[in-house]
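Colleague:
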Amino acid sequence: MSGPIPGSRDHLRHEVLVGGISNAVFNGLIAWLLLKSGPALRWGGEHSFAVDLLATGLLLPFIVALIVIPLQRGKLNKGKLQPIDLGPSSPIQSVANRLPARTLNSAVLFGLFGMCVMAPITLLGFYLAGIEQVAPVSYAIFKGIWAGLMAAVLVVPMVLVALRVPQPDRKTL
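Take any residue in the sequence shown, note its place counting from 1, add 1412, and you have its number in our numbering.
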């Protein structure tokens, strides 16, 4: 394909909003409920924001991919959606085209990306800002926003994996 199908960018925007907002609310609320009466979170120890961000970085994209990819493929198979290809000039399409076709394999890669790239970049920001501890309520707000942004960013390649144009020579991994 030479360019995106009309409406594909609208569909991607919709998925970004739904994934971002729902994950922001869900993760922020869970963090608040679990942490509201606890001590400040620190880099290490029992109440570690570093461990929490690394774990969330792995689990959130993994779980979201296990939900988003099959749902999008189901809609595609029922004819409710069309395949999406943003074209050869799209870096995100290029990345999505290189991801495995099998949902579980792609979900694992999304989770590893969250844990090995997104969480460490966030922790680098904490380090550079000199943050040693975070109050539970502040952390819950931060985590909700962070989780929502991560989901919003990663849902685009997830949808592109699910709705990519079938390629006959592509191996299923």
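The beta carbon of each residue, even a glycine, is placed where N, CA and C say it ideally should be.
1. Between V1567 and chain C, is the shortest Cβ-Cβ distance under 8 Å, so that the two count as touching?
2. Any idea which residues DSSP pairs V1546 with across the strands?
3. Checking 8 Å against the spacing of the C-beta atoms, do L1478 and T1515 come in under that value?
4. Taking the alpha helix (DSSP H) that A1477 belongs to, which residues open and close that run?
5. Reducing DSSP to helix, strand and coil, say where K1555 ends up.
6. Using CA atoms only, rank isn't needed, just tell me which of A1564, M1570, R1425 and L1535 is closest to V1437.
7. Taking a contact to mean a Cβ-Cβ separation below 8 Å, would you say P1473 touches G1440 in this structure?
8. For the alpha helix (DSSP H) that V1430 lies in, which residues bound it at each end?
9. When we look at the beta-carbon of E1458 and count the other beta-carbons within 10 Å, is it buried (16 or more) or exposed?
10. For V1476 versus L1566, is the C-beta distance shorter than 8 Å?
11. Do L1447 and A1531 have their C-beta atoms closer together than 8 Å?
12. Could you check which residue in C1528, N1489, I1504 and I1496 has the C-alpha nearest to that of L1591?
13. Short of 7 Å in beta carbon distance, which residues of its chain neighbour Q1505, apart from the five on each side in sequence? Order them along the chain.
14. Taking Cβ positions, are L1453 and V1546 nearer each other than 8 Å?
15. Let me confirm a value: I1481 is counted as buried when at least 16 other C-beta atoms fall within 10 Å, else exposed. Which label applies?
Modeller: Walking through what the data contain:
1. Going by chain labels, chain C is absent from the structure shown, which holds only one protein chain.
2. L1453
3. yes
4. F1461 to N1489
5. helix
6. A1564
7. no
8. S1420 to L1447
9. exposed
10. yes
11. no
12. Here the chain has residues from 1413 to 1585 only, and residue 1591 is not among them.
13. D1497, L1498, G1499 and L1572
14. yes
15. buried
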